[in-house]
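Data block below; observations after.
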Amino acid sequence: MKVALSFTDIQQATQEFQQQAGGDRQLSIGETVLCLPATLGQGYLRGLNLRDGLDLFIYEFELKQDLSLDFTQLSTQYSLLDFTFCLSGNTRGSMPGLKSKLSVAAGQTVFATIPDAAGITELLAGQKILVVSLAIAPHLFLTLLENDLNKFSLDWQQRFRNAASTPYFQPSYTTPEIANILQLILHCPHQAGVRRLYLEAKALELLAICISQLTNYFSDPAPLGGVKPKDIEALHRAKNILLQNITNPPALAELARQVGLNERKLQRGFQQLFGTTVFGVLHDYRMEQARQLLEADQMTIEAIANTIGIAHRGYFASAFKRKFGSTPRTYLKRLR
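Under the numbering used here, the first residue of the sequence shown carries the number 1253, and numbering increases by one thereafter.
Following this line, the structure appears as structure tokens:
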């Protein structure tokens, strides 16, 4: 049996949750903790306002019944940028404006722009879910970027200025550096006002790392002779499509169609802009994600290969060795 809840005000979501599902809701200055009712499961949802435009959410629970959270009927406009870090369990959902279903698995970090905070989240029963999320208002995000804004493409500068315009969902893998900070957040040693200050510092540290990663994904290229600005933007969109679909990337013809370029211009543009072929960009990203997963040491080598979209273990081993100088197994042994 599935329990479906619908929300009309994102800033009153815990109150609406309690009204529809029950549970104990505890309030303190800037913080709300909602304990799940026994009929639904065990655990809690915690929300903490760290400063104007920055909220920290921690979800730790195990459900007895599947749960659907519907945020598509919100009466208030509250667009945001969001970083979600999944430590345990799997979630899935959808967002207006995105055709494909969205999913987040343990060990993943997701960056999303969410117009009007609208979307549907599906949570499955029988699994422990542990998720940390940072929700940032666009005005604060721009303030934090400061002089780094010009490192991003013009398309992304506009997205950051107006998160209400276009939904976006970019999964990647949680690095060991980020994983360590998440553990410090989850096991904060302080109480009261000092606790809030500590969590704000750790949240800003997380954001600094994530923003640095984003500059690698969405950086503004150096001027290219003979390549029109609109084609450069199309090439960046093509790269983003590849990075969002590493397990099932589109064929070259389909990728070219999606971004409005012909295949020859797409291939030539990738060589000029990124210094490698379309396949080379995908391959390098897969190998880097594999390296990060090996360093996290939470998955088998076979599972890592499947996660990055490589079905043949032998091919994965040889490709990884060409990239990093050792096989995945040898690389893992050195880490240990």
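C-beta: ideal position from N, C-alpha, C; glycine also.
Between the CA atoms of residue j and residue i - distance to the nearest angstrom
i, j, result
"L1466", "I1366", "17 Å"
"E1547", "K1573", "15 Å"
"H1564", "D1536", "17 Å"
"G1282", "R1303", "9 Å"
"Y1234", "L1436", "What is shown of the chain runs 1253 to 1588, which leaves residue 1234 out entirely."
"T1225", "Q1271", "Residue coverage of the chain in this structure runs from 1253 to 1588, which leaves residue 1225 outside it and unanswerable."
"Y1567", "L1545", "17 Å"
"S1578", "R1489", "32 Å"
"Y1450", "S1331", "26 Å"
"Q1294", "L1401", "42 Å"
"S1424", "M1551", "15 Å"
"A1265", "Y1420", "22 Å"
"R1509", "G1532", "19 Å"
"H1391", "F1576", "40 Å"
"L1507", "Q1422", "17 Å"
Under 8 Å between C-beta atoms of residue i and residue j
i, j, result
"V1599", "L1315", "The requested residue 1599 is not part of the displayed model; the chain covers only 1253 to 1588."
"R1581", "I1562", "no"
"C1589", "A1357", "Residue coverage of the chain in this structure runs from 1253 to 1588, which leaves residue 1589 outside it and unanswerable."
"G1349", "T1418", "yes"
"L1354", "S1346", "yes"
"L1459", "P1501", "no"
"L1525", "L1487", "yes"
"S1258", "D1322", "yes"
"I1461", "E1429", "yes"
"Q1317", "A1256", "no"
"V1479", "G1521", "yes"
"K1254", "S1352", "no"
"T1361", "F1335", "yes"
Residues sharing a beta bridge with residue i, DSSP
i, result
"N1514", "According to DSSP, which records beta bridges pairwise, N1514 is partnered with nothing at all."
"E1283", "S1280 and L1300"
"C1338", "Q1360 and V1383"
"K1254", "D1318"
"G1295", "F1313"
"E1374", "S1320 and R1344"
"F1421", "A1364"
"I1388", "L1306 and L1333"
"L1589", "Residue 1589 is absent from the structure shown; the chain starts at 1253 and stops at 1588."
Cβ of residue i within 8 Å of any chain D Cβ
i, result
"I1556", "No chain D is present in this structure, which holds just one protein chain."
Any non-hydrogen atom of the ligand PLP closer than 7 Å to residue i Cβ
i, result
"L1354", "Inclusion of the ligand PLP in the displayed structure is not the case, the ligand content being empty and no account of it being possible."
Count the CB pairs spanning the stretch 1365–1377 and the stretch 1429–1444 that are closer than 8 Å, and state whether there are at least three.
Touching, no, given that fewer than three Cβ pairs across the two stretches are closer than 8 Å.
If contact is defined by three or more beta carbon pairs under 8 Å, each pair taking one atom from either stretch, is the stretch 1336–1344 in contact with the stretch 1282–1297?
No, because fewer than three Cβ pairs between the stretch 1282–1297 and the stretch 1336–1344 fall closer than 8 Å, the two stretches do not touch.
Three CB pairs or more closer than 8 Å across the stretch 1387–1400 and the stretch 1304–1320
Per the Cβ contact rule, the stretch 1387–1400 is in contact with the stretch 1304–1320 (3 or more Cβ pairs under 8 Å).
Examine the Cβ distances between the stretch 1480–1498 and the stretch 1510–1520 and report whether three or more of them are shorter than 8 Å.
The answer is yes - the stretch 1510–1520 touches the stretch 1480–1498, with three or more Cβ pairs under 8 Å.
Restricting to runs no shorter than 4 residues, where is the alpha helix (DSSP H) found entirely within the stretch 1508–1584?
Those alpha helix (DSSP H) runs which fall completely within the stretch 1508–1584 and span 4+ residues are 1515–1526, 1530–1548, 1553–1559 and 1565–1576.
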